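Engineer: Dropping a structure here in structure tokens format, bear with me for questions.
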Amino acid sequence: TFADLKKYHFYYWFCFPALCFLEGVQLLQEPVSLEHSFSAKQISSLQAAYDDLCTSRGTTAVPHFLLKYTDDSVEVAPLKDLTSFFPDLKKITVGVYDPCTLPQHPGWPLRNFLILLAKKWGSQLDVLEVLCFRDRTLQGSRSVQHSIIFRVKLPDLTASAVCPKSVGWEKNAKGAMGPRSVNLSECMDPKR
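The opening residue of the sequence shown carries number 2 in the numbering used here; numbering runs sequentially from there.
In structure tokens:
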């Protein structure tokens, strides 16, 4: 961001960095909304467990977490507890706080999270269930039912020394890579 305060011109360039896999991630199960795969009891248990995790971490939102569920209950834990939460590393479910509102697509933070998992635990994890946790409030009512859940095959990047390609820079009004600008002299210049 740069502000030319004498002329009231402001220049800015947004970036939402997302890392890319070299060969992509194989989708094993199409995304399904949480309301179609979890019961109402499981959904309320998930909300309560997530709230407890947030409270224990002293924050209002946890960007990623581990998830275990049965027909009756849902447990969540911080990512650092992966090996103790899933001792046999079978049927791993991870959650990522998802800003996306598209019903069949996860948001960009999932890319970075999957790269982290593949780099740190890729040799131990093969198939991963992913919950894109979408915590929304509409007309005073909280809902996580439109969250999506799906399965992916995670590549092993533990031995890779290659830095992944990144994307996410916003293009300017001309469609080129570069900053955008806004001229606020009409409304901010006292001489006009």
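Glycine included, every Cβ here is placed at the ideal spot set by N, Cα and C. This one's a predicted model, so the numbers in the text were calculated from it and none came from an experiment.
I need the boundaries of the beta strand (DSSP E) containing residue 76, first residue and last residue.
Structural biologist: 75 to 79
Engineer: In the DSSP assignment, the beta strand (DSSP E) including residue 52 goes from what residue to what residue?
Structural biologist: No beta strand (DSSP E) contains residue 52, which is instead part of the alpha helix (DSSP H) from 41 to 58.
Engineer: Do residue 11 and residue 4 count as a contact pair if the criterion is CB distance below 8 Å?
Structural biologist: Yes.
Engineer: Return helix, strand or coil for residue 69, following the three-state DSSP convention.
Structural biologist: strand
Engineer: Can you find at least 3 beta carbon pairs, one from the segment 16 to 35 and one from the segment 102 to 118, that sit closer than 8 Å?
Structural biologist: yes
Engineer: Looking at the unbroken beta strand (DSSP E) that takes in residue 181, where does it start and where does it end?
Structural biologist: 181 to 184
Engineer: State whether the segment 96 to 114 contacts the segment 64 to 71, with contact taken as three or more CB pairs (one from each stretch) at a distance under 8 Å.
Structural biologist: yes
Engineer: Who are the near neighbours of residue 125 in its chain, counting only those whose CB is closer than 7 Å to its CB and skipping five residues on each side?
Structural biologist: 90
Engineer: I'd like the span of the alpha helix (DSSP H) that includes residue 170, first residue to last.
Structural biologist: Careful: residue 170 lies outside any alpha helix (DSSP H), inside the beta strand (DSSP E) at 167 to 170.
Engineer: In the structure shown, what three-state DSSP assignment does residue 144 receive?
Structural biologist: strand
Engineer: Going by DSSP, which residues form a beta bridge with residue 10?
Structural biologist: 5 and 184
Engineer: Name, in chain order, the residues that DSSP records as bridge partners for residue 128.
Structural biologist: 154
Engineer: How far does the beta strand (DSSP E) with residue 19 in it reach, from first residue to last?
Structural biologist: Run containing residue 19: 16 to 20, per the beta strand (DSSP E) assignment.
Engineer: For residue 43, which residues in the same chain have their Cβ closer than 7 Å to its Cβ, ignoring the five residues on either side in sequence?
Structural biologist: 70 and 75
Engineer: Is the CB-CB distance between residue 132 and residue 155 below 8 Å?
Structural biologist: With contacts defined as CB atoms closer than 8 Å, residue 132 and residue 155 fail to qualify as a contacting pair.
Engineer: What is the DSSP secondary structure of residue 31, counted as helix, strand or coil?
Structural biologist: strand
Engineer: Pairing CB atoms from the segment 39 to 56 with CB atoms from the segment 164 to 180, are three or more of them under 8 Å?
Structural biologist: no
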